[in-house]
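Worksheet for the structure shown next.
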Amino acid sequence: MSQEKTTLEIIAPTVEEAVQNGAAQLGLPVESMEVEVLDAGSKGIFGLGGRQARVRLSIKVLEQEPKAAQPVKSKPAAEPEIEEDEYEEPESEVTDEALAVSKKVVEDLLTRMKVHAQVKAMYQEQEEGEEPVLLVDVQGKDLSILIGRRSETLNALQYIANLIVGKQLGRWVPLVIDIQGYRSRRERQLRQLARRMADQAIHTNRRQILEPMPANERRLIHLELRNHPKVTTQSVGEEPYRKVSIFIKKN
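Counting from 1, position 134 in the sequence shown corresponds to residue 171 in my numbering; the numbering is continuous, with no gaps.
See the structure below:
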């Protein structure tokens, strides 16, 4: 067994808030993490032109020695309206070993967060032409703490789990964590929202801009409308306020 560091970057108005927010998302005390200030931020003049602080939090996790890495094949470029960093993913293979490792990793993370829950890992088929993903389903009582505001805690947990699983297996695995069916419900809501806002863009002949969303949710909007005959999509802005814009296709 070897000890590896897993990192998470957080953006907030101040360094202190970024550190506290990151600790809250991970469910770990600040003392158990190493803090690296990437950008102290600034308040600007009279509250204008300010820049948010950015920190990197590192936690130590025990990991098995990784196996020899396997070459990763690249996929063709994504369609123009779907941004590469939100759509393209390296090819991978979901195996029984990956299922077992992912289940154990998530169980260990929940134990460290002092959360009691039942964890199951399974294959989940995707739309035609897409690789199946490894779904880790977490069930239990009062698990809203694992979801957080705008699913920030859930996304942080999934990010860390992906890093650990990838290191242990020596390759990237498409891991998705769902808490009491939250992601499936949220996906249905986002697909409905995408179609509704597309209709509104057509009806008003005006660009529709959605609320800020994390990359995985923006990707769902892009995918839902990528074959729409009249509208197209584009992500605009900078993290953590990046949004999806829906507008009429040019003839």
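For every residue, glycine included, the Cβ atom is placed at its ideal position computed from N, Cα and C.
Please read all numbers here as calculations on a predicted model, not as lab measurements.
Task: Inter-stretch contact (C-beta, 8 angstroms, three-pair minimum) for the region 204-214 and the region 132-143 - done: Cβ pair count under 8 angstroms is three or more, so yes.
Open item on the list: Spatial neighbours of Asn199 within its chain, please: C-beta separation below 6 angstroms, excluding the five flanking residues on both sides.
Closed with: As a working note, residue 199 is residue 162 in the sequence shown. Excluding five sequence positions before and after Asn199, the CB atoms of its chain that fall closer than 6 angstroms to its own CB belong to Leu212, given in chain order.
- [ ] Name the residue from Gln245, Val175, Glu144 whose alpha carbon lies nearest to the alpha carbon of Val202.
- [x] For the purposes of this step, residue 202 is taken as residue 165 along the sequence shown, with counting starting at 1. Of Gln245, Val175, Glu144, the residue nearest in Cα terms is Glu144.
Open item on the list: Quick check: what's the CA-CA separation for Glu46 versus Leu94?
Closed with: Locating residue 46 in the sequence shown gives position 9, where the first residue counts as 1. Locating residue 94 in the sequence shown gives position 57, where the first residue counts as 1. Taking C-alpha positions only, Glu46 is separated from Leu94 by approximately 6 angstroms.
Task: Under the three-state DSSP convention, the category Glu53 falls into - done: As a working note, residue 53 is residue 16 in the sequence shown. In the displayed model, Glu53 falls within a helix according to three-state DSSP.
TODO: Please say whether Ala60 and Ala90 have beta carbons closer to each other than 8 angstroms?
DONE: Along the sequence shown, read from residue 1 onward, the residue named residue 90 stands at position 53. Along the sequence shown, read from residue 1 onward, the residue named residue 60 stands at position 23. Cβ distance not < 8 angstroms, so Ala90 and Ala60 don't count as in contact.
- [ ] Please state whether DSSP places Met234 in a helix, a strand or coil.
- [x] As a first step, residue 234 must be located in the sequence shown, where it is residue number 197. Here Met234 sits in helix by DSSP.
Task: Limits of the alpha helix (DSSP H) - the one that Glu189 falls within - done: Numbered from its first residue, the sequence shown carries residue 189 at position 152. Element bounds for Glu189: 189-206.
TODO: Starting from Lys141, trace the beta strand (DSSP E) both ways and give me its first and last residue.
DONE: Mapped onto the sequence shown, residue 141 falls at position 104. No beta strand (DSSP E) holds Lys141; the alpha helix (DSSP H) holding it covers 133-149.
Open item on the list: Given a cut-off of 8 angstroms on the beta-carbon distance, is the pair Glu73 and Val52 in contact?
Closed with: Position 36 of the sequence shown holds residue 73. Position 15 of the sequence shown holds residue 52. The answer is no: Cβ separation not under 8 angstroms.
Task: Proximity below 8 angstroms, CB of Ala238 to CB of Arg244 - done: Sequence index remark: in the sequence shown, residue 238 carries index 201 (1-based). Sequence index remark: in the sequence shown, residue 244 carries index 207 (1-based). Result yes, Cβ atoms of Ala238 and Arg244 sit closer than 8 angstroms.
Task: Cβ neighbours of Glu126 in the same chain (closer than 6 angstroms, five flanking residues each side left out) - done: The count along the sequence shown starts at 1 and reaches residue 126 at position 89. Interpretation of Glu126 is limited by its pLDDT of 43, a score under 50 that renders its predicted location unreliable; the figure taken from the coordinates is listed afterwards. Here the set comprises nothing.
TODO: Tell me where the beta strand (DSSP E) around Glu73 begins and ends.
DONE: Along the sequence shown, one-based indexing puts residue 73 at 36. Counting along the chain, the beta strand (DSSP E) containing Glu73 begins and ends at 71-76.
Task: Assigned exposure category for Val273 - 16 Cβ within 10 Å defines buried - done: Numbered from its first residue, the sequence shown carries residue 273 at position 236. By the neighbour-count rule (16 or more Cβ atoms within 10 Å), Val273 is not buried but exposed.
Task: Beta-bridge partners of Ile258, as assigned by DSSP - done: As a working mapping, residue 258 is identified with position 221 in the sequence shown. Answer by DSSP bridge pairing: none, since Ile258 is not bridged.
TODO: State the DSSP-derived secondary structure class of Arg88, mapped to helix, strand or coil.
DONE: The residue you call residue 88 lines up with position 51 of the sequence shown. Looking at Arg88 - three-state DSSP - the assignment turns out to be strand.
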